[in-house]
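Engineer: Sharing a structure, written as C-alpha cells. Questions coming.
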Amino acid sequence: MTQAPRELTVGVGAGGLATADMVLNIGPQHPATHGVLRLRITLDGERVLKAEPIVGYMHRGAEKLFEVRDYRQILVLANRHDWLSAFSNEIGLVLAVERMLGMDVPERATWTRTLMAELNRVLNHLMFLGSYPLELGAITPIFYAFREREDLQAVMEEISGGRMHYMFNRVGGLRDDLPSGWLGRVEATIAQVRRRLPDLESLIVGNEILHARTRGVGVLDVGVVTSYGVSGPIARASGLDIDLRRDQPYLAYDEVFGADGPGRVVTRTGGDCQARLEVLLEQVHVSLDIAEYCVQRLGSLERGPVNVKLPKVLKVPEGADYVATENPLGMNGYYLVSRGEKTPWRLKLRSASFNNVAVLGELLEGTLLADMVAILGSMFFVVGDIDK
Amino acid sequence: MVDLSWFDVVLRAVIVLVGFLTMPLLVGQTEHKVMAHMQGRLGPMYAGGFHGWAQLIADGVKFTQKEDIVPAAADRGAFRWAPAVALVSYLLALAAVPFSPSMVGADVPGSLLLVLAVSGIGTVGTLMAGWSSGNKYSLIGAMRSAAQLVSYELPLILASASFAMAAGTLSLTGIAHAWTPVWLIWQLPGALVFLVAATAELQRPPFDMPVADSELVMGPYTEYTGLRFAFFLLSEYAGIVVMSLLFAVLYLGGWTGPFDDALGWLWTLLKGFLVAVVIIWMRVSWPRLREDQLQRFAWLGLVPVALLQLAITAVGVVLTA
C-alpha cells in the first residue's frame, strides 16, 4: 500500500517542528527476520521511506562445495539450504542426475517420493502458519501448528530417521523400502491432522484483527511478480496461475494433477498478506488430499524395488540439464553441468526465497513499521534459501 | 474520613504493600498456567513441586542475580528511575481500591479520580524508559506508548464518568454501595469501553504495540536487565490487578454477593480475578493491532460509545431521581 508521505506540521510559529529521518537496521539479529536477514530501513516516525534487504550473512558457499563432492555427498548439502523443505530439495537434484543418466526409477519409489514431498510441504506450510501470526502478535497458532507438525514428523522420522534433513532420496530411488504398516500410520496421521486443523484455522481465518493487519497490506501486483521471478504461494496469491507440479509434471504429479487426481492449484487475486496466508492454508488441505491419494496408490501397487543398483563410482555423462521443482516456497531449480566426472563441473542452485525477498525493496516503501513486519513475514522465506 | 492513628496508617500501608507484592504474582502464575492450558501445553511444572507454583519466585531470584546494566548512551537518571515510576503509580492506585466497605487502604473521597490519575502516571515510566535508553527501538516504543496514551485515556475517563454519574459520587466505595444488578445491563456499553481502554492502558495484547516483540524487540524495555526489568514486568501485572479490581468495583458491584458482610473482600477479589483471566484470554486469542488502527478504533469507536453511555446514564439518573 503505497501512500504519498504525509506532511505533518505540528505547533505554531516558524514552519512547525523539523523531523529528522532515522536509519534503523532490522537485523541481522532481530526476532522478526527469523534468521539473519538484514533490512536497512529509513524511517520518518513510523513510516518507512526506504527499505533495502541486505543478504549474505548466511552464505555457506553451497554451490562451490557441490563441485568437490560426489553425487551421493552432494545430496546431503543440497537438502540443507531450505531447511524447511529438505525432502523437496533432494528431489530436484536426484531428478536432474537421474535424467542425465537416463535412469528409470521404480514406480514405487516415485509414488513414495511424491507422498513424502507433499508431507514435507504440509510441514513447511504449518511452520509459516504458526510463525506468521506470531509476528503479528498472536502467540497461540504456533503451538497448534507445531502439534500437527510433531505428528507428521513422527511418520517422516519413522521412514527416514530424520526429522528435518531426511536424506531419504538416493540417485535411482529411495534409501530403503517402506517400513511395514507405515502407510496405515501415515493415513491415520493425515486424518488426525485434518481433524485438528480447524483449531488452527479458527484462530487465523475470520479474526478481525488479523484481517485488519493483513488485508490490503503489502499488495504485490502480477507485473512485479513476473519481473522479479517471484514464485510459489506468493506468486499464486497475486493471481499468477503457475505451479510446476501441474505445468511441468515430475514424479507422479501428472497423474495427481490429471483429470481424476486430487491435485489443484490454489490461487488468489488479492496479492496482499491475507491472500498469501490463505493460499498457504488452502495448500495444506490440497497437499493432505494428494498425500492421501498417494497412500492409496501405494497400497494398490505390487511390492517391488524402491531403488536401482548403482555403480561404485557414479559418473554423470557429459552435458547439462536444468530441473526445476515446485518446492513449498516456490520454484527450486538445479542447473547441472557435468564433464563426465564423478563430481559436477558446476551445479547452479536457483532457490525460491532469494527472488521472493528481492521484492521487499519495492513493497516496503511508504508502509508503516508495523506493516513492514507483516509484509516481511508474509514473504515466507528461509534465510538459508536466500543465502545458500 | 475517620482520623487514623499513626499505627493504623503504617499497618494499612504494610498490608497494601504485601497485597501489591503478592497479587501480581498470583496473576502472573495464572497467566502462565491458563495460557499454557489454552495452548495445549503444561506451563511451569517443576519449581516448588506442585504444578510449578513457585516459578515466579524462582524468576524473581534469577532477576535479582542479574547484572544491572545501564547503557553508555543512556540518560542515567531517567533510565534508573523509570521502573520506579512505573511501579509506584500502581501501588498508589491499589491503596485507594476498596475490597469491602471497611477494607480499603486509603478511603479518600474522590478515589475514582485518584486511581485513574495515578495509574496514568505508569505510562510516564514507560516514556522515560524509552527516551532515556538511547536505543532506536526503545524510542519508537515510547512514541507508540505516548500515542496510545492519547487515544485510550479519554474513553477510559468518559466510561468511568458514567459510573460516577450513575452512583452520584466519585468515591469508589460510594459507587460500589450504589451498585444494583440493573447496572449490568444499562452500564454495559460503558463497561466494554472501560475494559478495552484499560487493556490499552496496560499495553496488553491486542494493544501491546509499544513492546511488540516481533517489531521492536522489547520496545522501551529493550535495554533493561535484572531487577529493573523485573520491576517493569511486575508493574504490568500490578496494572492488571488494579484495572481488574477497578472494573470489579465499578461494574460488577465489588463486594456484593452472598454473605457479603463477612466475605465481601473475597467477592471483590474473585470478580477482579475473573476480569484478569479475561485479559489473559485476550492475549492468547488475538494478534496485535496497529498503532493507527487503535487510534482509529478509539476515536471512532470507543469515544462515541462512551459518550452515548454518558447520555444514557444522564437520562437514567434524571428519570429515576
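Quick note, the sequences are listed as chains A and B, same order.
The opening residue of the first sequence carries number 1 in full-length UniProt numbering; numbering runs sequentially from there.
The opening residue of the second sequence carries number 1 in full-length UniProt numbering; numbering runs sequentially from there.
Note that beta-carbon positions come from the ideal geometry of N, C-alpha and C, so glycine has one too.
Since the model is a prediction, treat every value here as computed from it, not as a measurement.
To test your reading of the DSSP string, which unbroken alpha helix (DSSP H) runs of 4 or more residues are found completely within the stretch 240-304 of chain A?
Structural biologist: Complete alpha helix (DSSP H) runs here, min 4: 244-247, 253-256, 273-300.
Engineer: Among the residues of its own chain, which have a CB less than 6 Å from the CB of W299/B, if the five just before and after it don't count?
Structural biologist: In the second sequence, counting from the first residue as 1, residue 299/B sits at position 299. Cβ within range, chain order: n/a, list empty.
Engineer: Flag this pair as touching only if the stretch 231-239 of chain B and the stretch 148-155 of chain B have three or more C-beta atom pairs under 8 Å; answer yes or no.
Structural biologist: Counting Cβ pairs under 8 Å, fewer than three are found: no touch.
Engineer: Check each residue of the stretch 51-79 of chain A: if its Cβ is closer than 7 Å to any Cβ of chain B, include it; give the result in chain order.
Structural biologist: Residues passing the 7 Å Cβ filter: none.
Engineer: Along the alpha helix (DSSP H) that carries L152/A, what are the first and last residues, could you check?
Structural biologist: Against the first sequence, residue 152/A aligns to sequence position 152. From DSSP, the alpha helix (DSSP H) with L152/A extends over 141-160.
Engineer: Do E98/A and G216/A have their C-beta atoms within less than 8 Å of each other?
Structural biologist: Locating residue 98/A in the first sequence gives position 98, where the first residue counts as 1. Locating residue 216/A in the first sequence gives position 216, where the first residue counts as 1. In this structure, G216/A does not lie closer than 8 Å to E98/A by Cβ.
Engineer: Taking the beta carbon of L43/A as the centre, do at least 16 other beta carbons fall within 10 Å, making it buried, or is it exposed?
Structural biologist: What you label residue 43/A is simply residue 43 of the first sequence in a count that begins at 1. Buried is the call here.
Engineer: Let me know if S162/B comes out buried or exposed under the rule of 16 or more other beta-carbons within 10 Å of its beta-carbon.
Structural biologist: For the purposes of this step, residue 162/B is taken as residue 162 along the second sequence, with counting starting at 1. So S162/B ends up on the buried side.
Engineer: Just checking, does the stretch 276-293 of chain B make contact with the stretch 120-129 of chain B on the three C-beta pairs under 8 Å criterion?
Structural biologist: No contact exists between the stretch 276-293 of chain B and the stretch 120-129 of chain B.
Engineer: Report yes if the C-beta distance between A291/A and M164/A is below 8 Å; otherwise report no.
Structural biologist: What you label residue 291/A is simply residue 291 of the first sequence in a count that begins at 1. What you label residue 164/A is simply residue 164 of the first sequence in a count that begins at 1. Not closer than 8 Å, so no.
Engineer: Find the residues of chain B that neighbour T140/A, judging by a C-beta separation of less than 8 Å, and give them in chain order.
Structural biologist: Residue 140/A sits at position 140 when you count from the first residue of the first sequence. Neighbours of T140/A on chain B, chain order: M38, Q39, V284, S285.
Engineer: Roughly how many angstroms separate the alpha carbons of Y71/A and M116/A, rounded to a whole number?
Structural biologist: As a working mapping, residue 71/A is identified with position 71 in the first sequence. As a working mapping, residue 116/A is identified with position 116 in the first sequence. Roughly 21 Å between the two C-alpha positions.
Engineer: State the DSSP-derived secondary structure class of N327/A, mapped to helix, strand or coil.
Structural biologist: If you number the first sequence from 1, residue 327/A lands on position 327. Correct three-state label for N327/A: strand.
Engineer: Along the stretch 213-228 of chain B, where does the CB come closer than 7 Å to a CB of chain A? Name the residues.
Structural biologist: Flagged, chain order: D213, S214, E215, V217.
Engineer: Using DSSP with H/G/I as helix, E/B as strand and the rest coil, what is R339/A?
Structural biologist: Your numbering for residue 339/A matches position 339 in the first sequence. DSSP places R339/A in coil when its eight states are reduced to three.
Engineer: Going by CA-CA distance only, name the one from Q148/B, A84/B, Y46/B that's closest to D292/B.
Structural biologist: As a first step, residue 292/B is located in the second sequence; it is residue number 292 there, counting from the start. Among Q148/B, A84/B, Y46/B, the Cα nearest to that of D292/B is on Q148/B.
Engineer: Would the stretch 48-63 of chain B and the stretch 219-232 of chain B be scored as touching if the rule is three or more Cβ pairs under 8 Å?
Structural biologist: Verdict: yes, contact present.
Engineer: List the residues of chain B that I209/A touches, going by C-beta distances under 8 Å, in chain order.
Structural biologist: Stepping through the first sequence from its first residue, residue 209/A is reached at position 209. In chain order: P206, W286, P287, R288, L289.
Engineer: Considering just the uninterrupted stretch of the beta strand (DSSP E) at A51/A, what are its terminal residues?
Structural biologist: Numbered from its first residue, the first sequence carries residue 51/A at position 51. Start and end: 47-54.
Engineer: Starting from N89/A, follow its DSSP beta bridges and name the residues at the other end.
Structural biologist: Within the first sequence, numbered from 1, the residue matching residue 89/A stands at position 89. According to DSSP, N89/A bridges with nothing at all.
Engineer: For R185/A versus L288/A, is the C-beta spacing smaller than 8 Å?
Structural biologist: Counting from one through the first sequence, the residue named residue 185/A turns up at place 185. Counting from one through the first sequence, the residue named residue 288/A turns up at place 288. Contact: no.
Engineer: Is the number of C-beta pairs between the stretch 210-225 of chain A and the stretch 362-377 of chain A that are closer than 8 Å three or more?
Structural biologist: Verdict: yes, contact present.
Engineer: What is the rounded straight-line gap between the Cα of W111/A and the Cα of G304/A?
Structural biologist: Sequence index remark: in the first sequence, residue 111/A carries index 111 (1-based). Sequence index remark: in the first sequence, residue 304/A carries index 304 (1-based). Cα to Cα, W111/A sits roughly 12 Å from G304/A.
Engineer: Which residues of the stretch 111-145 of chain B have a Cβ closer than 9 Å to any Cβ of chain A? Give them in chain order.
Structural biologist: Answer set for the stretch 111-145 of chain B: K136, Y137, L139, I140, M143, R144.
Engineer: Counting along the chain, where does the beta strand (DSSP E) carrying V23/A start and finish?
Structural biologist: The count along the first sequence starts at 1 and reaches residue 23/A at position 23. 22-26 is the extent of the beta strand (DSSP E) around V23/A.
Engineer: Going by the CB atoms, is the gap between K315/A and Y335/A shorter than 8 Å?
Structural biologist: Along the first sequence, read from residue 1 onward, the residue named residue 335/A stands at position 335. Along the first sequence, read from residue 1 onward, the residue named residue 315/A stands at position 315. In this structure, K315/A does not lie closer than 8 Å to Y335/A by Cβ.
Engineer: Residues in the stretch 167-191 of chain B with C-beta within 9 Å of chain A's C-beta atoms, listed in sequence order?
Structural biologist: Result list empty, no residue passes.
Engineer: Among the residues of its own chain, which have a CB less than 8 Å from the CB of G110/B, if the five just before and after it don't count?
Structural biologist: Within the second sequence, residue 110/B is the residue found at index 110, counting from 1. Taken in chain order, the residues that qualify are L170, S171.
Engineer: If we count the other Cβ atoms within 10 Å of its Cβ and call it buried at 16 or more, is S6/B buried or exposed?
Structural biologist: Counting from one through the second sequence, the residue named residue 6/B turns up at place 6. Reading off the sequence, residue 6/B comes out as Trp, not Ser. Exposed: under 16 other Cβ atoms inside 10 Å.
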